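Q: Quick mapping for you: the protein sequence lines, in order, are chains V and W. Going left to right, the first sequence walks through residues 146 to 344 as this note's numbering numbers them. Going left to right, the second sequence walks through residues 146 to 344 as this note's numbering numbers them. Don't be surprised by glycine CBs; every beta carbon is placed ideally from N, CA and C. All values reported here derive from a predicted model rather than from experimental measurement.
2 protein chains.
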Amino acid sequence: MSEVLPLRDQILEISRHMLFKEGYRSLSMRKIAKQANVTATSIYLYFENKDHLLHTLIEESVEDLSQFIEAEALPQTNNIERFKTIIERYVEFGIQNPEEYEIIYKIRSDAMARYPKEKFRKTRRCYELLVQTIMDSISEGLMEVDDPVVAAYSIWAQLHGIVSVVLNKRLDRRINQTKFINDSIELVIQGFLVQKTVH
Amino acid sequence: MSEVLPLRDQILEISRHMLFKEGYRSLSMRKIAKQANVTATSIYLYFENKDHLLHTLIEESVEDLSQFIEAEALPQTNNIERFKTIIERYVEFGIQNPEEYEIIYKIRSDAMARYPKEKFRKTRRCYELLVQTIMDSISEGLMEVDDPVVAAYSIWAQLHGIVSVVLNKRLDRRINQTKFINDSIELVIQGFLVQKTVH
DNA sequence: TGGTGTAGTTAACACTGTTAACCAAATTCG
DNA sequence: CGAATTTGGTTAACAGTGTTAACTACACCA
Numbered sequence: 146m147s148e149v150l151p152l153r154d155q156i157l158e159i160s161r162h163m164l165f166k167e168g169y170r171s172l173s174m175r176k177i178a179k180q181a182n183v184t185a186t187s188i189y190l191y192f193e194n195k196d197h198l199l200h201t202l203i204e205e206s207v208e209d210l211s212q213f214i215e216a217e218a219l220p221q222t223n224n225i226e227r228f229k230t231i232i233e234r235y236v237e238f239g240i241q242n243p244e245e246y247e248i249i250y251k252i253r254s255d256a257m258a259r260y261p262k263e264k265f266r267k268t269r270r271c272y273e274l275l276v277q278t279i280m281d282s283i284s285e286g287l288m289e290v291d292d293p294v295v296a297a298y299s300i301w302a303q304l305h306g307i308v309s310v311v312l313n314k315r316l317d318r319r320i321n322q323t324k325f326i327n328d329s330i331e332l333v334i335q336g337f338l339v340q341k342t343v344h
Numbered sequence: 146m147s148e149v150l151p152l153r154d155q156i157l158e159i160s161r162h163m164l165f166k167e168g169y170r171s172l173s174m175r176k177i178a179k180q181a182n183v184t185a186t187s188i189y190l191y192f193e194n195k196d197h198l199l200h201t202l203i204e205e206s207v208e209d210l211s212q213f214i215e216a217e218a219l220p221q222t223n224n225i226e227r228f229k230t231i232i233e234r235y236v237e238f239g240i241q242n243p244e245e246y247e248i249i250y251k252i253r254s255d256a257m258a259r260y261p262k263e264k265f266r267k268t269r270r271c272y273e274l275l276v277q278t279i280m281d282s283i284s285e286g287l288m289e290v291d292d293p294v295v296a297a298y299s300i301w302a303q304l305h306g307i308v309s310v311v312l313n314k315r316l317d318r319r320i321n322q323t324k325f326i327n328d329s330i331e332l333v334i335q336g337f338l339v340q341k342t343v344h
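#1: Starting from V:Arg227, follow the alpha helix (DSSP H) in both directions and report where the run begins and ends.
#2: Name the residue from V:Arg161, V:Arg319 and V:Ile279 whose alpha carbon lies nearest to the alpha carbon of V:Ile231.
#3: Under a CB-based cut-off of 8 angstroms, is V:Gly239 close to chain W?
#4: Assess, as a yes-or-no matter, whether the segment 163 to 178 of chain W is touched by the segment 204 to 214 of chain W under the definition of 3 or more beta carbon pairs within less than 8 angstroms.
#5: Consider the Cβ of V:Tyr298: report whether some Cβ of chain W lies at a distance smaller than 8 angstroms.
#6: Run the CB neighbour count on V:Ser282, radius 10 Å, all protein chains shown included, and call it buried at 16 or more, exposed below.
#7: In the DSSP output, what is V:Leu338 paired with across the bridge?
#8: Here's a check: name, in chain order, each residue in its chain whose Cβ is nearer than 6 angstroms to the Cβ of W:Pro293, leaving out the five neighbours to either side.
#9: Within 10 angstroms of the Cβ of W:Arg318, are there 16 or more other Cβ atoms? Answer buried if so, exposed if not.
#10: Any idea if V:Gly239 is buried or exposed, counting beta-carbon neighbours within 10 angstroms, 16 or more meaning buried?
#11: Can you give the beta carbon distance from W:Gln155 to W:Ala185, rounded, assuming they're within the 8 angstroms contact cut?
#12: Between the C-alpha atoms of W:Glu331 and V:Asp196, what's the straight-line distance to the nearest angstrom?
#13: Taking 8 angstroms as the CB-CB cut-off, is W:Leu332 touching chain V?
#14: Which stretch, first to last residue, makes up the alpha helix (DSSP H) that contains V:Val294?
#15: Drop a sphere of 10 angstroms on the beta-carbon of V:Val343, count the other beta-carbons inside from all chains shown, and report buried for 16 or more, exposed for fewer.
#16: Is there a Cβ from chain W that is less than 8 angstroms from the Cβ of V:Ile231?
#17: Within 10 angstroms of its Cβ, does W:Ile320 collect 16 or more other Cβ (buried), or is it exposed?
#18: Taking the alpha-carbon positions, what's the W:Ala216 to W:Glu204 distance?
#19: Is it buried or exposed for W:Gln221, if we count other Cβ within 10 angstroms and need 16 for buried?
#20: Out of curiosity, what's the CA-to-CA distance linking W:Glu247 and W:Phe165?
#21: Would you list, in chain order, the members of the segment 167 to 179 of chain V that have their beta-carbon closer than 7 angstroms to a beta-carbon of chain W?
#22: Once the 5 residues before and after V:Leu150 are set aside, which same chain residues still bring their CB inside 8 angstroms of it?
#23: Return helix, strand or coil for V:Leu157, following the three-state DSSP convention.
#24: Please report the distance separating the alpha-carbon of W:Val290 from that of V:Tyr191.
#25: Just the Cα atoms here: how many angstroms apart are W:Asp328 and W:Val308?
#26: Can you pull the chain W residues whose beta carbon is under 9 angstroms from the beta carbon of V:His305, in chain order?
#27: Excluding the 5 residues preceding and the 5 following W:Tyr189 in the sequence, name in chain order all residues of the same chain whose CB lies nearer than 7 angstroms to its CB.
#28: State the start and end residues of the unbroken alpha helix (DSSP H) segment that holds W:Ile214.
#29: To which residues of the same chain is W:Ser147 closer than 6 angstroms at the C-beta, ignoring the five residues directly before and after it?
#30: Rounded to whole angstroms, how far is the Cβ of W:Met288 from the Cβ of W:Leu219, which I believe are closer than 8 angstroms?
#31: For V:Leu304 versus V:Val236, is the C-beta distance shorter than 8 angstroms?
#32: Along the segment 197 to 217 of chain V, where does the CB come closer than 8 angstroms to a CB of chain W? Name the residues.
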């Protein structure tokens, strides 16, 4: 009954799954091929080499993440709302799509060295969106940060920390997961909102 | 004139250097061995396998990082000072010891899956120190965070983001590096200090 | 009917981590 | 001193890796 996918898509699907289940080190062209009932060399008909295959996986995942965020972080909404939405959706995506999310960050450090620069630019669409949102918030006096670019980068890093601790199940058993997520998000957001201080 | 190191130390030194220069993917036992004028199998006299070699590298680097931080973050100093010091020293270490720092974080995601849990505990000494510092600051009313464990993790993630953007030279050319570092640190710290708000 | 892509194959190369078996020099011990 | 054992390495081999070159069937189209 299951619709037969074109080989190229099969390869991607199998790779993504194997990558998540068995890790990067034990991912081999031959294993992927066997799983697809095909020879290893056939993969080279669709991907220049292993790196390109991985890059494609990253690209796909980043694209999905971007769309997932952009679908809710609409430009017409209030700036602070948009800011919060971006943050919440980012974490939500990571938690709900562990396979895709892990590909973005686990392979990255390794494959990224050989990741072509022009493609890298493309992967930063939602990053740019965050920068823009922060800048808009600043000009409305809702935030006070010295450099939006720096701030945006810090936020990604922080969010990534939150998501990975959950995905890696490194959370202390005494901590409730959803509470951890919500509190952390709150912490990130609060750090950026302007609070009028008494001097 | 150069003092000849024991083979085990030579291997570690060579590995660290090759890892940094050529990346993880192209690090092979045979290459390391050749560089040390020895056969690949000799490495197995000192390390059970490649994973154990990498784990040793991680352990060494984490130990150095811990000591670097602990040397300045003395328990008798003021809590907020200690908090700031930990953060500053972390970033300083990363910037000044890129080879060691990259080993901690670049290999981690890959080798960490097979990293034994009891060793992992050991690598968290300075993490525990940060948690303790935050808890102390809270009980003095200097901070207000819901969960110090979560907060500490968020800080590490954020700091890692800062260090990596500098090390990977992904910094926009218009941004001055030291300004970026100082501003980012300030941003992280400010996010955690209590500001009396007017309601 | 013949030619040209298309989608796959087989065979091979140069490399990888790792193991088993071996060897020679140094050290320990009776 | 001489024998036994440990130390610090070697060579040869295995199974698995990414990748390339050369080949084969098959569909399509003139």
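A: Working from what's here:
#1: Working through the first sequence from its first residue, we reach residue 227 of chain V at position 82. Segment Asn224 to Gln241, the alpha helix (DSSP H) holding V:Arg227.
#2: Walking along the first sequence from the start, residue 231 of chain V turns up at place 86. Residue V:Ile279 is the option with its Cα nearest to V:Ile231.
#3: The count along the first sequence starts at 1 and reaches residue 239 of chain V at position 94. The C-beta of V:Gly239 comes no closer than 8 angstroms to any C-beta of chain W.
#4: Using a C-beta cut-off of 8 angstroms, the segment 204 to 214 of chain W makes no contact with the segment 163 to 178 of chain W, since fewer than three inter-stretch Cβ pairs fall below that distance.
#5: The residue labelled residue 298 of chain V in the question sits at position 153 within the first sequence. Using beta-carbon distances, V:Tyr298 counts as an interface residue toward chain W, with a partner under 8 angstroms.
#6: Here the question's residue 282 of chain V lines up with position 137 in the first sequence. Within 10 angstroms of the beta-carbon of V:Ser282 lie 16 or more other beta-carbons, which makes it buried.
#7: Here residue 338 of chain V corresponds to residue number 193 of the first sequence, with the count starting at 1. Answer by DSSP bridge pairing, in chain order: V:Met288.
#8: Residue mapping note: residue 293 of chain W aligns to position 148 of the second sequence, counting from 1. Closer than 6 angstroms at Cβ, skipping near neighbours: Val276, Ile279 and Met280.
#9: Here residue 318 of chain W is taken as the residue at index 173 of the second sequence, counted from 1. W:Arg318 comes out exposed.
#10: In the first sequence, residue 239 of chain V corresponds to position 94, counting from 1. V:Gly239 comes out buried.
#11: The sequence position of residue 155 of chain W within the second sequence is 10, counting from 1. The sequence position of residue 185 of chain W within the second sequence is 40, counting from 1. Contact doesn't hold; Cβ gap of about 14 angstroms is too wide.
#12: Translated into positions along the second sequence, residue 331 of chain W becomes position 186. Translated into positions along the first sequence, residue 196 of chain V becomes position 51. Computed Cα separation, rounded: 38 angstroms.
#13: Translated into positions along the second sequence, residue 332 of chain W becomes position 187. Contact of W:Leu332 with chain V is assigned, a C-beta pair being separated by under 8 angstroms.
#14: In the first sequence, the residue the question calls residue 294 of chain V occupies position 149. First-last of the alpha helix (DSSP H) with V:Val294: Pro293 to Leu312.
#15: On the first sequence, residue 343 of chain V is found 198 positions in, with the first residue counted as 1. Unreliable positioning characterises V:Val343 in this predicted model, as indicated by a pLDDT of 45, which lies under 50. The coordinate reading is nonetheless provided below. Label assigned to V:Val343: exposed.
#16: To locate residue 231 of chain V, count along the first sequence from 1; it is residue 86. It does not: the Cβ of V:Ile231 has no partner Cβ on chain W nearer than 8 angstroms.
#17: What you label residue 320 of chain W is simply residue 175 of the second sequence in a count that begins at 1. Looking at its Cβ environment, which holds fewer than 16 other Cβ atoms inside 10 Å, W:Ile320 is exposed.
#18: Against the second sequence, residue 216 of chain W aligns to sequence position 71. Against the second sequence, residue 204 of chain W aligns to sequence position 59. Computed Cα separation, rounded: 18 angstroms.
#19: As a position in the second sequence, residue 221 of chain W is number 76, starting the count at 1. The residue in question, W:Gln221, is exposed, as its Cβ has fewer than 16 Cβ neighbours within 10 Å.
#20: For the purposes of this step, residue 247 of chain W is taken as residue 102 along the second sequence, with counting starting at 1. For the purposes of this step, residue 165 of chain W is taken as residue 20 along the second sequence, with counting starting at 1. The straight-line gap from Cα to Cα measures roughly 7 angstroms.
#21: The segment 167 to 179 of chain V vs chain W, Cβ under 7 angstroms: Gly168, Tyr169 and Arg170.
#22: Translated into positions along the first sequence, residue 150 of chain V becomes position 5. Glu158.
#23: Against the first sequence, residue 157 of chain V aligns to sequence position 12. Helix.
#24: Numbered from its first residue, the second sequence carries residue 290 of chain W at position 145. Numbered from its first residue, the first sequence carries residue 191 of chain V at position 46. So the alpha carbons of these two residues sit roughly 51 angstroms apart.
#25: Locating residue 328 of chain W in the second sequence gives position 183, counting from the first residue. Locating residue 308 of chain W in the second sequence gives position 163, counting from the first residue. Taking the straight line from one Cα to the other gives about 13 angstroms.
#26: For the purposes of this step, residue 305 of chain V is taken as the residue at position 160 of the first sequence. Neighbours of V:His305 on chain W, chain order: Ala302, His305 and Gly306.
#27: Within the second sequence, numbered from 1, the residue matching residue 189 of chain W stands at position 44. For W:Tyr189, where only same-chain residues beyond five positions count, there are no Cβ hits under 7 angstroms.
#28: The residue given as residue 214 of chain W occupies position 69 in the second sequence. Boundaries of the alpha helix (DSSP H) harbouring W:Ile214: Lys195 to Glu215, taken from the DSSP string.
#29: Taking the second sequence and counting its residues from 1, one reaches residue 147 of chain W at position 2. Note that W:Ser147 scores 40 on pLDDT, short of 50, meaning its location in the model is unreliable; the coordinates nonetheless yield the value given after this. Answer for W:Ser147: no residue qualifies.
#30: For the purposes of this step, residue 288 of chain W is taken as residue 143 along the second sequence, with counting starting at 1. For the purposes of this step, residue 219 of chain W is taken as residue 74 along the second sequence, with counting starting at 1. Rounded to whole angstroms, the Cβ separation of W:Met288 and W:Leu219 is 19 angstroms, and the two are not in contact under 8 angstroms.
#31: Translated into the one-based positions of the first sequence, residue 304 of chain V becomes position 159. Translated into the one-based positions of the first sequence, residue 236 of chain V becomes position 91. Result yes, Cβ atoms of V:Leu304 and V:Val236 sit closer than 8 angstroms.
#32: Residues passing the 8 angstroms Cβ filter: none.
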